[in-house]
Amino acid sequence: MRIAVPNKGRLHEPTIDLLERAGLHLENGADRKLYADTVDPDVTVLFARAADIPEYVADGAADLGITGFDQVCEARVDNVEELLDLEFGRCRLVLAAPEDGDIESVDDLAGKIVATEFPNITADFFADTGVEPEIVEVSGATELTPHVEMADAIVDITSTGTTLKMNRLAVVDEVLSSSVRLFGRDDVLDEPKVGEVRTALSSVKHAEGKRYLMMNVPRDRLDDVRDVIPGLGGPTVMDIADETDADGKVAVHAVVNETDVFETITEVKAAGASDILVTEIERLVE
Numbered sequence: 001m002r003i004a005v006p007n008k009g010r011l012h013e014p015t016i017d018l019l020e021r022a023g024l025h026l027e028n029g030a031d032r033k034l035y036a037d038t039v040d041p042d043v044t045v046l047f048a049r050a051a052d053i054p055e056y057v058a059d060g061a062a063d064l065g066i067t068g069f070d071q072v073c074e075a076r077v078d079n080v081e082e083l084l085d086l087e088f089g090r091c092r093l094v095l096a097a098p099e100d101g102d103i104e105s106v107d108d109l110a111g112k113i114v115a116t117e118f119p120n121i122t123a124d125f126f127a128d129t130g131v132e133p134e135i136v137e138v139s140g141a142t143e144l145t146p147h148v149e150m151a152d153a154i155v156d157i158t159s160t161g162t163t164l165k166m167n168r169l170a171v172v173d174e175v176l177s178s179s180v181r182l183f184g185r186d187d188v189l190d191e192p193k194v195g196e197v198r199t200a201l202s203s204v205k206h207a208e209g210k211r212y213l214m215m216n217v218p219r220d221r222l223d224d225v226r227d228v229i230p231g232l233g234g235p236t237v238m239d240i241a242d243e244t245d246a247d248g249k250v251a252v253h254a255v256v257n258e259t260d261v262f263e264t265i266t267e268v269k270a271a272g273a274s275d276i277l278v279t280e281i282e283r284l285v286e
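1 is the number of the first residue of the sequence shown in the UniProt record's numbering; add one for each residue after it.
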């Protein structure tokens, strides 16, 4: 099975890092190569331009793909399905126009010119609004086109809005919200290996922002400790192997949000817990 991933750009390193954390270690590196083997002999990674990945998957060159939702929408492929939101590479496609211009709403663009690197997404957006501007495809520097009288407005990607502000552009409307997704071709979705990859990647995402707490608790204080642990489904309670006193201590383990750790430790200690250990979680399969 082949997984197509971005070969460069801002999505490349986070994608490779995610694969590594999920256990799909690349055996022969990722630099300047088209393919890379992984520790799983049945899984190969294919490196491609982020914009080309949807077509690679749709045409059968790869079975799964990892790229931005915006790239999938722009490609207009109809035989791929989203499997998992990987929750990084977040951005928005926005409709923007000069701050000091007369474009204040979508309706103001009827008969006007809109420049973009995403002509299909832009066409779909305006089709939904009923407004019919002329859409001009450009290959870069989209934000400059209104200032050189090539366009009245643009549809472009923004993460922080800084580039728009620098070019004196104001957001008129949001066109699309995007993040990096795992998607696959329709005819492979039932394959066991697809399920394994999806589970591996989702286990990394589920573990993010979580911590594993371990502590010893007197049996007679167990209910008090349970009451203050914000665990996922409640804590796990186990006998301590060398605890000879039946009324002595038990081991309590729990998964909690990282943001709750400080308060939780304070509360369980006050409730009688001791020998408290906090560790990171690499993967969490739900």
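From the three backbone atoms N, C-alpha and C, an ideal C-beta is built for every residue, glycine too.
Note that the coordinates shown come from a computational prediction; the quantities given were computed from them, not determined experimentally.
Chain-order list of residues whose beta-carbon lies under 6 Å from that of residue i (same chain, five-residue window excluded)
i	result
S203	R283, L284, V285
H253	M214, T236
R90	S179
E134	I113
F125	V175
V171	V94, A96
D173	L95, V106
Close-in-space but distant-in-sequence residues of the same chain around residue i (CB under 7 Å, 5 per side omitted)
i	result
D37	E27, N28, T44
D85	S179, R181
A207	I281, E282, R283, L284
R221	A271, G272
V261	R211, V278
Assigned exposure category for residue i - 16 Cβ within 10 Å defines buried
i	result
E132	exposed
S177	exposed
A50	buried
A141	exposed
Y56	buried
A48	buried
P6	buried
P146	buried
T264	buried
V72	buried
A153	buried
D70	buried
A151	buried
Residues that residue i bridges to, as DSSP identifies them
i	result
C91	S178
T162	Paired residues: none, contrary to the question.
residue 306	Because the chain here runs from 1 to 286, residue 306 falls outside it and cannot be looked at.
G68	V180
T279	Y212
T38	L26
D85	R181
Under the three-state DSSP convention, the category residue i falls into
i	result
D223	helix
I265	helix
K33	coil
P98	strand
L189	coil
F47	strand
V228	helix
K210	strand
R198	helix
V240	Looking at the sequence shown, residue 240 is not Val but Ile. Here I240 sits in coil by DSSP.
E55	helix
A270	helix
D78	coil
N120	helix
Pair within 8 Å by beta-carbon distance, residue i and residue j
i	j	result
A75	A4	no
K249	R219	yes
T162	E143	no
T15	I53	no
L83	L182	yes
D186	E81	yes
T122	T116	yes
R168	P98	yes
L11	G60	no
V106	L93	no
D108	D102	yes
Cβ shell of residue i (< 8 Å), same chain only, five flanking positions each side left out
i	result
V225	M215, V217, P235, V252, V268, A271, G272, A273
A200	A22, G23, L24, R283
T259	G209
M1	D42, V43, T44, D63, L64, V188, E191, K193, V194, V197
G184	V57, D63, L64, G65, V80, E81, L83, V194
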